[in-house]
Amino acid sequence: MQRRTFLLTTAAAAAASAAAPGLSFAAETNPLLAPWTGPYGGVPAFDKMKVTDLTSAVDTAMARNLAEIDAIVANKAAPTFANTIAALEDTGRTLADVACYYGIWGSNMSSPEYQAIEPAIDAKFSEIGDKITQNAGLFARIEAVYNSPEKAKLTPEQQRLVWIYYTNFVRSGAKLAPAAKARVAAINTELSGLFTKFSQNLLADENTYIELTEADLAGLPDSIRASTASAAAQRKLPGKFIIVNTRSSVDPYLTSSPVRATREKVWKAFVNRGDNGGATDNNALIAKILKLRAERAKLLGYQTHAHWRLENAMAKTPDKAMALMEAVWTPAIEQVAKDVADMQAIVDAEVKANGGASFKIEPWDYRFYAEKVRKAKYDLDMNEVKPYMQLEKLREGMFWAAGQVYGFEFKKVEGVPVYDPDMTVYEVLRGGKHVGLWYFDPYARPTKRSGAWMNAYRNQERFKKPISTIVSNNSNFIKGEPGEPVLISWDDANTLFHEFGHAIHGLNSDVTYPTVSGTNVARDYVEFPSQLNEHWLSTPEVLNKFCVHYKTGKPIPQELVDKIKKASTFNQGFDTTEYLASALIDMKLHLAGDADIDPDSFERDELTKLKMPKEIVMRHRTPQFGHVFSGDGYSAGYYSYLWADTLTADVAEAFQEAPAGFYDKPTGQRLIKTIMSRGNSVDPAEQFRAFRGRDVKIGALMRDRGFPVPPGA
1 MQRRTFLLTT AAAAAASAAA PGLSFAAETN PLLAPWTGPY GGVPAFDKMK VTDLTSAVDT
61 AMARNLAEID AIVANKAAPT FANTIAALED TGRTLADVAC YYGIWGSNMS SPEYQAIEPA
121 IDAKFSEIGD KITQNAGLFA RIEAVYNSPE KAKLTPEQQR LVWIYYTNFV RSGAKLAPAA
181 KARVAAINTE LSGLFTKFSQ NLLADENTYI ELTEADLAGL PDSIRASTAS AAAQRKLPGK
241 FIIVNTRSSV DPYLTSSPVR ATREKVWKAF VNRGDNGGAT DNNALIAKIL KLRAERAKLL
301 GYQTHAHWRL ENAMAKTPDK AMALMEAVWT PAIEQVAKDV ADMQAIVDAE VKANGGASFK
361 IEPWDYRFYA EKVRKAKYDL DMNEVKPYMQ LEKLREGMFW AAGQVYGFEF KKVEGVPVYD
421 PDMTVYEVLR GGKHVGLWYF DPYARPTKRS GAWMNAYRNQ ERFKKPISTI VSNNSNFIKG
481 EPGEPVLISW DDANTLFHEF GHAIHGLNSD VTYPTVSGTN VARDYVEFPS QLNEHWLSTP
541 EVLNKFCVHY KTGKPIPQEL VDKIKKASTF NQGFDTTEYL ASALIDMKLH LAGDADIDPD
601 SFERDELTKL KMPKEIVMRH RTPQFGHVFS GDGYSAGYYS YLWADTLTAD VAEAFQEAPA
661 GFYDKPTGQR LIKTIMSRGN SVDPAEQFRA FRGRDVKIGA LMRDRGFPVP PGA
């Protein structure tokens with residue numbers, strides 16, 4: 001779940017605008033400042049969004065937020081949970097609403113007009129975060145509540161909320177001397193500008209494309225040929241065929257095209273995003289970001305940025321994160337060596353049979369020849385699977401599975417404002433009662449960043465009154481021709497279920513306070529519910545009911561299902577290695593302290609030390625690593641996917657051991673009660689123990705990937 005995050009206040013997730021007692025503001029004509037109206041407790045006014053309204057909306061909402069903070073600080077009464085912590089939970093609501101619109105522009109509608117004002121607004125969000133966390137009077141009140149003996153009388157959720165406020169403020173510099181506070185604030189502001197520039201450079205490179213000739217289209221499945229035509233039509237290139245420089249466009253071509261020279265051309269364009277020596281080159285930005293992060297960590301009292309980032313994560317220390325990654329790295333690259341040998345054998349046999357020049361497997365060959373090995377070993381061609389992977393039917397399958405496990409019902413609603421005509425909105429109910437809304441923005445656009453992600457437009461809470469959650473899933477599928485279904489790959493179907501898992505996490509939330517609601521959890525925990533949700537895609541129930549052929553309507557043959565299951569651990573060496581290479585480089589970059597780093601050289605040297613297979617590249621090379629350099633969110637935190645997958649595999653085995661498997665009702669109810677509903681109201685390690693009855697073990701992860709299992713794991 002990659003998304004922009006801003007420190008507004010720790011209550012940045014509610015619906016209606018609110019002001020502290022005694023404050024008043026003039027009636028607003030700016031639609032971005034208006035309270036959300038309509039059904040379901042109000043919905044975002046996406047139909048009224050104008051970039052020209054954004055700057056004034058941000059300025060007004062921030063002024064309102066700071067006035068609310070001032071009112072709390074000015075309170076003459078002794079600090080209590082009610083007049084300080086709970087009061088903070090009720091601030092920043094207007095700003096949270098405005099930030100929702102701002103996030104949509106940043107990720108889904110990044111037009112030139114928006115990009116022109118983006119750096120200045122990013123800086124404002126950074127500045128208000130520092131103004132709040134460095135407010136001495138406010139921190140004094142928070143610290144008083146934190147140290148008060150009265151804290152013991154609070155509910156467990158309230159006690160955790162106090163701890164979150166206190167530690168977040170300390171970690172942001174609340175205890176620093178004035179000069180150090182000022183420098184941290186200056187660093188944060190400078191970083192916000194660098195993050196924005198990095199993102200804009202990457203988006204620019206991802207909007208480039210390679211035009212294909214008829215020869216380049218040879219051997220492609222009809223679905224990929226159609227998607228290249230659709231991408232060209234979107235760019236007003238009728239009759240042309242293009243590969244856009246995004247993963248959702250590039251990977252299918254690399255997997256299916258027999259034209260080696262064009263595969264190489266497409267691959268090189270993709271892996272050199274942000275690393276082109278031109279106006280959109282990100283290397284200098286990265287070097288500066290790393291320096292500033294290292295300086296900030298030192299000012300805050302931490303050895304490195306990585307130590308700062310992991311302090312409140314499940315891993316706690318970089319050493320523990322590194323230990324997990326290193327435990328998996330060696331078996332992963334050993335498996336790659338075996339797989340490459342199988343691929344090379346096919347290449348050599350083809351050259352012997354058909355003539356031509358022999359060659360060694362290169363990165364642009366890997367996906368293509370991996371499919372040939374899959375076919376040879378398991379008689380499975382993933383192109384045979386794609387006709388059964390209709391986006392709309394898979395959406396129905398996600399809904400059905402969520403209904404079986406979590407009791408959710410999904411009803412399509414009309415008339416709710418959207419910012420793109422291809423979006424759909426569904427009401428989510430449980431037992432006939434409203435739970436929340438789910439928005440779906442499925443298709444690629446030139447102004448939309450690549451990848452897939454979940455957003456929480458509004459978090460669940462029942463602090464002053466019940467407020468339901470509003471979540472969205474965002475993808476970059478290539479829209480089909482009118483009347484034609486959108487067919488996606490098996491990997492993309494897994495991603496679809498993954499991101500829906502984040503939404504399910506948010507929709508299950510049942511807490512009192514917005515700060516601890518939904519997906520507002522530790523970075524190395526948040527990917528756990530989403531990765532768990534991927535398992536329901538491959539259950540027989542979903543495959544048989546919803547994976548039906550787009551022409552015949554017949555369900556996927558059992559023989560094909562059996563092949564998919566038999567080959568489930570195939571290519572895990574590749575998947576694990578390309579991911580871990582990115583995660584390890586991320587961590588190593590942020591453990592390097594204030595060293596002068598040339599990103600290209602550092603990446604190359606460290607991969608050599610790791611004995612990175614030359615046939616594979618990092619999933620995200622450093623100059624295009626948006627998770628890490630378009631914001632602080634996943635910095636020194638990309639390991640989180642593996643950490644979370646350790647939890648995922650262990651919990652998945654609990655379902656597999658249950659009488660009814662993944663649809664076992666008691667196990668599902670236990671999952672809701674102990675994990676999915678708890679948000680951050682309970683420590684994540686305690687949540688896991690409450691579900692599993694013990695701490696996590698690595699054995700399930702290794703079994704899931706087909707790697708050797710350590711003794712006792």
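Numbering-wise, the UniProt record's numbering puts 115 at position 115 of the sequence shown, and it's gapless, one number per residue. Note that beta-carbon positions come from the ideal geometry of N, C-alpha and C, so glycine has one too.
Problem set entry | Neighbourhood of E206 by C-beta, 6 Å cutoff - its chain only, sequence neighbours within 5 removed | N245, T246 and S450
For this session: With DSSP collapsed to three states, give me the class of A636.
Result: coil
For this session: Mind the definition here: the stretch 215 to 228 touches the stretch 476 to 493 only if three or more C-beta pairs lie below 8 Å; say whether that holds.
Result: yes
Exercise. Across which residues does DSSP place K479 in a beta bridge pair?
Worked result: DSSP, once it has assigned bridges, lists no residue as partnering K479.
For this session: Reducing DSSP to helix, strand and coil, say where F198 ends up.
Result: helix
Exercise. Can you give the Cα-Cα distance for K565 and G593, rounded to whole angstroms?
Worked result: 45 Å
Exercise. Does the Cβ-Cβ distance between M612 and I333 come in under 9 Å?
Worked result: yes
Exercise. Mind pulling the alpha helix (DSSP H) runs of 4 or more residues that sit fully within the stretch 494 to 559?
Worked result: 523 to 533 and 540 to 546
Exercise. Quick one: any contact between the stretch 43 to 62 and the stretch 99 to 113, if contact means 3 or more CB pairs under 8 Å?
Worked result: yes
Exercise. Is the stretch 208 to 217 touching the stretch 265 to 276, taking contact as three or more C-beta pairs under 8 Å?
Worked result: yes
Exercise. Alpha carbon to alpha carbon, what distance is there between P442 and M325?
Worked result: 33 Å
For this session: Drop a sphere of 10 angstroms on the beta-carbon of S126, count the other beta-carbons inside from all chains shown, and report buried for 16 or more, exposed for fewer.
Result: buried
Exercise. Just checking my contact of H590 with R171 at CB under 8 Å: how many whole Å lie between their CB atoms?
Worked result: The pair is not a contact, with the Cβ atoms about 16 Å apart (cut-off 8 Å).
For this session: Just grab the DSSP bridge partners of Q390 for me.
Result: L487
Exercise. Could you give the uninterrupted runs of the alpha helix (DSSP H) lying entirely in the stretch 210 to 296, keeping only those of 4 residues or more?
Worked result: 222 to 234, 247 to 256 and 260 to 271
Exercise. In three-state DSSP terms, what is K76?
Worked result: coil
Exercise. Are there 16 or more other CB atoms within 10 angstroms of the CB of G431, so buried, or fewer, so exposed?
Worked result: exposed
Problem set entry | Contact between the stretch 674 to 690 and the stretch 521 to 537 (3+ Cβ pairs under 8 Å) | yes
Exercise. Taking the Cβ atom as the reference point for each residue, do S256 and N383 lie within a distance shorter than 9 Å?
Worked result: yes
Exercise. Whose C-alpha, out of V373, N508, V328 and G693, is nearest the C-alpha of Y579?
Worked result: V328
Exercise. Assuming I603 and I616 make a contact with CB atoms under 8 Å, what is their CB distance in whole Å?
Worked result: Looking at the sequence provided, one finds Glu at residue 603 rather than Ile. That belief does not hold up - the Cβ atoms of E603 and I616 are roughly 14 Å apart, past 8 Å.
Exercise. In its own chain, which residues sit with a C-beta less than 6 Å from the C-beta of Y253, not counting the 5 before and 5 after it?
Worked result: I243 and V266
Exercise. Is the distance from the Cβ of N680 to the Cβ of R160 below 9 Å?
Worked result: yes
For this session: Out of A34, A567 and I289, state which residue places its alpha-carbon closest to the alpha-carbon of Y378.
Result: A567
Problem set entry | Option in S475, I346, M314 and E559 with minimal Cα separation from Y641 | M314
Problem set entry | H620 - DSSP class collapsed to helix/strand/coil | coil
Exercise. L701 and C547: beta carbons closer than 9 Å?
Worked result: no
For this session: Pull up the CB-CB distance for L496 and S475, whole angstroms please, since I reckon it's below 8 Å.
Result: 7 Å
Problem set entry | Contact test: Q460 Cβ vs the ligand ZN heavy atom, cutoff 8 Å | Of ligands this structure carries none, so the ligand ZN is not represented either.
For this session: Please determine if the stretch 29 to 39 and the stretch 53 to 68 are in contact, where contact requires at least 3 C-beta pairs separated by less than 8 Å.
Result: yes
Exercise. By how many angstroms is the C-alpha of E396 removed from the C-alpha of K236?
Worked result: 32 Å
Problem set entry | P659, enclosing alpha helix (DSSP H) - first and last residue | Premise fails: P659 is in no alpha helix (DSSP H) and is neither H nor E.
Exercise. Apart from the five residues on each side of it in sequence, which residues of its chain come closer than 7 Å, Cβ to Cβ, to E89?
Worked result: A11, F463, Y513, P514 and T515
Exercise. Tell me which same chain residues have a C-beta within less than 7 Å of the C-beta of L487, skipping the five on either side of it?
Worked result: S223, K386, P387, M389, Q390 and Y550
Exercise. At which residues does the beta strand (DSSP E) containing D441 begin and terminate?
Worked result: K433 to Y443
Problem set entry | Inter-stretch contact at 8 Å, needing at least 3 Cβ pairs: the stretch 195 to 202 / the stretch 399 to 409 | no
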